[in-house]
Amino acid sequence: MKRGIVPGTFDPLTSGHLDIIERAAGLLDEIVVGVALSADKGGGPLFSEEERVRFIEAATSHLSNVSVRAFDTLLVDFADEVDASVIIKGLRAMTDFEREFQMAALNWRLDSKIETMFIMAIPEYMFLSSSAVKEIARHGGSVRGLVPEVVVEALSRKLS
Ligand code: ADP
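Here the numbering used here is used: the first residue of the sequence shown is 897, the next is one more, and so on.
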């Protein structure tokens, strides 16, 4: 039984994140999506941890082997806690590579039994990020298609 974790801040979940979660769920037996508290990331997240977890639960309800958990520890400790042996990360352009390469090396140093696996973003979502989505929404642009429907509604409520 192979269990993997898909970690991130998910502030908020985008269609790019969801695509990675769906593809990971097709590769491994079980996926735990780990929502990092990230209280200190760029002035704090727009959505609370509970909201971010709820969006992912709603958007992945069709996937029976996916569950969602919040965490505020080292990633390798979280993997250990949920009994996962693989960390799955999405890779967009070259810009992600440097940071992800460093994190994978550090996580390997912390616990070499846990493997990091990368899944390439599909071209359509290659330039999609949570921060771009928030920027578009803040200025009244449409984010439909860039995020799941549950997030479209939450963004318009939060920013109106
Ligand atoms: P961000 O980098 O947008 O703040 P997160 O910290 O929530 O997002 O990212 C979690 C993971 O999802 C990272 O591995 C990141 O590279 C990946 N990811 C983010 N956006 C996309 C996308 N559009 N397509 C594929 N993977 C993505």
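Quick reminder that beta carbons are idealized off the backbone N, C-alpha and C, glycines included.
Discussion item. One question on the structure: do Pro903 and Phe951 come within less than 8 Å of each other, judged by their Cβ atoms?
Written reply: For the purposes of this step, residue 903 is taken as residue 7 along the sequence shown, with counting starting at 1. For the purposes of this step, residue 951 is taken as residue 55 along the sequence shown, with counting starting at 1. Cβ atoms of Pro903 and Phe951: not closer than 8 Å.
Worksheet item: Does the count of Cβ pairs from the segment 1039-1050 and the segment 907-922 closer than 8 Å reach three?
Response: yes
Worksheet item: Using CA coordinates, which residue listed in Asn1003, Pro1019, Glu1020 is at the minimum distance from Met1013?
Response: Counted from its first residue, the sequence shown places residue 1013 at position 117. Met1013 has its Cα closest to that of Asn1003, out of Asn1003, Pro1019, Glu1020.
Practice prompt. If I'm right that Gly986 touches Ala1028 with Cβ under 8 Å, what's the distance once you round it to whole angstroms?
Written response: Against the sequence shown, residue 986 aligns to sequence position 90. Against the sequence shown, residue 1028 aligns to sequence position 132. So it is not a contact: roughly 15 Å between Cβ atoms.
Item to complete: Might you give, ordered along the chain, the residues of its own chain that have their beta carbon closer than 7 Å to the beta carbon of Met1060, omitting 5 neighbours on each side?
Response: The structure shown does not extend to residue 1060, since the chain spans only 897 to 1056, so no value can be given for it.
Worksheet item: Can you name the residues that DSSP bridges to Pro941?
Response: Here residue 941 refers to the residue found at position 45 of the sequence shown. Note: Pro941 sits in no beta bridge, so no partner.
Item to complete: Just grab the DSSP bridge partners of Ser963 for me.
Response: Start at 1 with the first residue of the sequence shown, and residue 963 comes out as number 67. Looking at the DSSP assignment, Ser963 forms a beta bridge with Val928.
Practice prompt. State the DSSP-derived secondary structure class of Ala987, mapped to helix, strand or coil.
Written response: Taking the sequence shown and counting its residues from 1, one reaches residue 987 at position 91. In the sequence as displayed, the identity of residue 987 is Leu instead of Ala. Of the three classes helix, strand and coil, the one that applies to Leu987 here is strand, per DSSP.
Item to complete: Over the uninterrupted beta strand (DSSP E) stretch that includes Val1039, give me the two end residues.
Response: Here residue 1039 refers to the residue found at position 143 when the sequence shown is read from its first residue. Note, Val1039: premise wrong, no beta strand (DSSP E); not H, not E.
Worksheet entry | Within 7 Å of the ligand ADP: residues by beta-carbon to any heavy atom | Pro903, Gly904, Thr905, Phe906, Asp907, Thr910, Gly912, His913, Asp915, Ile916, Lys985, Gly986, Leu987, Arg988, Asp992, Glu996, Ala1017, Tyr1021, Met1022, Leu1024, Ser1025, Ser1026, Ser1027
Worksheet item: Ordered along the chain, which non-local residues of its own chain (more than five positions away) have a Cβ less than 7 Å from that of Asp979?
Response: As a first step, residue 979 must be located in the sequence shown, where it is residue number 83. Around Asp979: Arg899.
Practice prompt. Could you tell me whether the Cβ atoms of Pro966 and Val931 are closer together than 8 Å?
Written response: For the purposes of this step, residue 966 is taken as residue 70 along the sequence shown, with counting starting at 1. For the purposes of this step, residue 931 is taken as residue 35 along the sequence shown, with counting starting at 1. Before going on, a small fix: residue 966 reads as Ala here, not Pro. Result yes, Cβ atoms of Ala966 and Val931 sit closer than 8 Å.
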